[in-house]
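*Asks:* Under the working numbering, read the sequence shown as residues 21 to 308, first letter to last.
C-beta: ideal position from N, C-alpha, C; glycine also.
This structure is in structure tokens; I'll ask about it shortly.
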Amino acid sequence: MYQEQVISGSLMEDRTLCLTFDDGPGPHTLEIAEYLTNQGIFATFFMAGKFASSLPDIPARVRDLGHLIGNHTYDHPDLIGLLSGGGDVASQITRTDLVIGNCVDGSTTYFRPPYGRWNVDVASVLNANPAASFGHVGPIHWDIENDWWFWQQHLSPRDCMENYMQQLSTKGRGIVLMHDNSADSCDQRDANRTLDLARLLVPVLRGQGFRFLRLDAIPGIDTGGANEGQSPIPPADLTRPPASPRIQPHPNLVLLGLLGCRAETIDGATAWRYLCETESYQHWSFCA
Ligand SMILES: [Zn+2]
Numbered sequence: 021m022y023q024e025q026v027i028s029g030s031l032m033e034d035r036t037l038c039l040t041f042d043d044g045p046g047p048h049t050l051e052i053a054e055y056l057t058n059q060g061i062f063a064t065f066f067m068a069g070k071f072a073s074s075l076p077d078i079p080a081r082v083r084d085l086g087h088l089i090g091n092h093t094y095d096h097p098d099l100i101g102l103l104s105g106g107g108d109v110a111s112q113i114t115r116t117d118l119v120i121g122n123c124v125d126g127s128t129t130y131f132r133p134p135y136g137r138w139n140v141d142v143a144s145v146l147n148a149n150p151a152a153s154f155g156h157v158g159p160i161h162w163d164i165e166n167d168w169w170f171w172q173q174h175l176s177p178r179d180c181m182e183n184y185m186q187q188l189s190t191k192g193r194g195i196v197l198m199h200d201n202s203a204d205s206c207d208q209r210d211a212n213r214t215l216d217l218a219r220l221l222v223p224v225l226r227g228q229g230f231r232f233l234r235l236d237a238i239p240g241i242d243t244g245g246a247n248e249g250q251s252p253i254p255p256a257d258l259t260r261p262p263a264s265p266r267i268q269p270h271p272n273l274v275l276l277g278l279l280g281c282r283a284e285t286i287d288g289a290t291a292w293r294y295l296c297e298t299e300s301y302q303h304w305s306f307c308a
């Protein structure tokens, strides 16, 4: 189900970041994903269905590198404008799910509306459509942004990196928006230097002691921050978890331990999900 208010990283601990990339897949998506995995960082790629359809191998390869795939609509429209013009906003979600659905890790599909355009009317129309809303969480917003503007102005990745660091010096944590592709124009896609930006930004962030969380490990993200004030790690549900859970972490990750578990109802049955600690980040994984 979708929240009426946008979801940002306001509940994240200081010095933690969640890297997100929009508008892919594009020509540099795989290189960005490989670079981040080699750095032990796992990001979230909000993909547009039309681009995923034209590069059908990329979503699975990005997932196999340990990253999370999210839904960024099919055609990348302004959803408020589309709805007010009588357009079908729900099919923007469901058509994209058909393309990326097999590549989403876990039972939740995170959704980010193009341009962050969102209001209560869009939320209620989507929530009235079970196929577009069941198992979906959004709208995922961001705290730090602007790479697209630098590429539009043909400014350097270093200038862009310094701007991101400036934003971080005041905010100190949050969801970072970057673009691995551009849905707006071919010119902007050709001018995109986000791969270079990532290569400049990551070592500086590491040097300043920032930690990286994948989107699904942000405290309270699935409830839009409803657990504000609680522990950063959701409390374990100790009702009746399996005595010896068999966890299958991502093949690229080393499982260091289990931090908690919770029960979820899926198709009427209870499934246990465990918060896994790995070398690089925490994520929820289903019991095998
Ligand atoms: Zn976008």
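Could you spell out where the beta strand (DSSP E) holding Thr40 opens and where it closes?
*Replies:* Its beta strand (DSSP E) spans residues Thr36 to Gly44.
*Asks:* At the level of alpha carbons, what is the spacing between Glu248 and Ser28?
*Replies:* The pLDDT assigned to Glu248 is 44, lower than 50, so where the model puts this residue is not dependable, and the model offers no usable value.
*Asks:* Helix, strand or coil for Tyr94? Go by DSSP, reduced to three states.
*Replies:* Tyr94: coil per DSSP, three-state reduction.
*Asks:* According to the Cβ coordinates, are Gly136 and Ser30 closer than 9 Å?
*Replies:* no
*Asks:* With DSSP as the reference, label Arg226 as helix, strand or coil.
*Replies:* Look at Arg226 here: in three-state DSSP terms it is helix.
*Asks:* Going by DSSP in three states, Met185 sits in which element: helix, strand or coil?
*Replies:* helix
*Asks:* State the Cα-Cα distance for the pair Pro47 and Phe65, rounded to the nearest angstrom.
*Replies:* 14 Å
*Asks:* Given the structure, does His199 come close to ligand 1, in the sense that its CB is under 8 Å from one of the ligand's heavy atoms?
*Replies:* yes
*Asks:* Smallest Cα separation from Leu275: which of Pro150, Asp242, Gly86 and Arg231?
*Replies:* Gly86
*Asks:* Just the C-alpha distance for Gln172 and Gln208, rounded to the nearest angstrom, thanks.
*Replies:* So the two alpha carbons sit approximately 6 Å from each other.
*Asks:* Which residues in the same chain have their Cβ closer than 7 Å to the Cβ of Leu103, if we skip the five residues on either side of it in sequence?
*Replies:* Val109, Asp141, Val142 and Val145
*Asks:* For Val26, report the span of its beta strand (DSSP E) as first-last.
*Replies:* Its beta strand (DSSP E) spans residues Tyr22 to Ile27.
*Asks:* DSSP three-state label for Ile78, please.
*Replies:* Helix at Ile78.
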